[in-house]
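First up is the structure itself, then whatever we jot down about it.
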Amino acid sequence: MSRAIAMLVLIVGAVFMAAPFALMLGTALMTYAQTVTYPPEFWPKPATLANFQKALAETPLLRYLGNSLLVASVTVVGQIVTGSMAGYAFARLRFTGRNALFFAVLATMMVPVYITLVPLYVMMASIGWVDTYQALILPGLTGAFGIFLFRQWFLNLPSELEDAARIDGCSPWDMYWRIALPTAWPAIATLAIFEFLASWNTFLWPLVITHSDALRTLPVGLAAFKSAMREATDWGLLMAATTLAVLPALAVFWVGQRHFVRGMLEGAVKD
């Protein structure tokens, strides 16, 4: 009985989560006349791909998509590299002030992004990086969450592996690169999904640091696209562009979901 109730709750929750995406896709496949009818229609009759063709033809959507893919991909790689190295150091190495330094890293998670926005912009302006890819990418190359996640994962490594590696003459770098990191695929996938989605959806920093249309990411580009509709919002056109923007994020999660679930279950809690 309890299993049936749990399944029912999950199904109801899944329906509520999927409903906005279904409405978005349905609106994207409607004509403009269908989107403004009253009472409203929730599915196209018939469906049309004209909105997708128009969105790609009238806006540099592929340029926005490429910018977002570049920024998100480099950010993910940077987060994995810096997070795994720092996480391994905090988990397996012994040095003075290790715990204090780790808690200081965790404390940065409590700092709102709005507090660092102005100093970060001033820093980028002082080195001439405003409206550049470097400014879009550099602030996201490391983060406390990735360090924490990898530390928790590496804490669960059997000490016998390190003892055997030391007997074989492995240095700390060899133990990290050849032993610890290859076991951390679930943690890598978990961090990759989190950081890809976070970078993909980031709006405020790209809006502040970029001025030219060529450097806009998808969230900023979609906002500008909607603002350009001065007389009336063409919801079919906007939902078509939004659907194209959502597809890469869904694909990333679909590919990494198995490792993501395992990483959340095993890497987040120390035995």
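Residues in the sequence shown are numbered from 13 upward in steps of one, following our numbering. Using N, Cα and C, we set each Cβ at its ideal position, and we do this for glycine too. Model, not experiment: these values are computed from the prediction.
Assigned with DSSP and collapsed to three states, Arg228 falls in coil, not helix or strand.
Look at Ser80 here: in three-state DSSP terms it is helix. In the DSSP assignment, Arg110 falls within the alpha helix (DSSP H) that extends over 110 to 119. Relative to Val258, the option among Pro58, Thr245, Tyr44, Ala210 whose CA is nearest is Ala210. Annotation: Ala101 to Phe208 spans about 24 Å, alpha carbon to alpha carbon.
Counting only residues of its own chain and dropping the five nearest sequence neighbours on each side, Leu81 has no CB closer than 6 Å to any other CB. By a beta-carbon distance limit of 8 Å, Met122 does not contact Phe157. Their separation comes to about 12 Å. Counting every other CB atom within 10 Å of its CB across the protein chains shown gives Thr108 a total below 16, marking it as exposed. For Ser14, the enclosing alpha helix (DSSP H) covers residues 14 to 40. Nearest to Tyr188 by alpha-carbon distance, out of Met97, Arg163, Tyr50, is Met97. A residue is called buried once 16 or more other Cβ atoms fall within 10 Å of its Cβ, and Gly233 is buried on that count. Using a Cβ distance threshold of 9 Å, Arg110 and Arg228 do not count as a contacting pair. Gly140 is classed as exposed because its beta carbon has fewer than 16 other beta carbons within 10 Å across all chains shown. Take the alpha-carbon of Val88 and the one of Leu153: they are about 7 Å apart. When the alpha-carbon of Thr60 is set against those of Ala69, Leu37, Thr71, Leu73, the nearest one is in Leu37.
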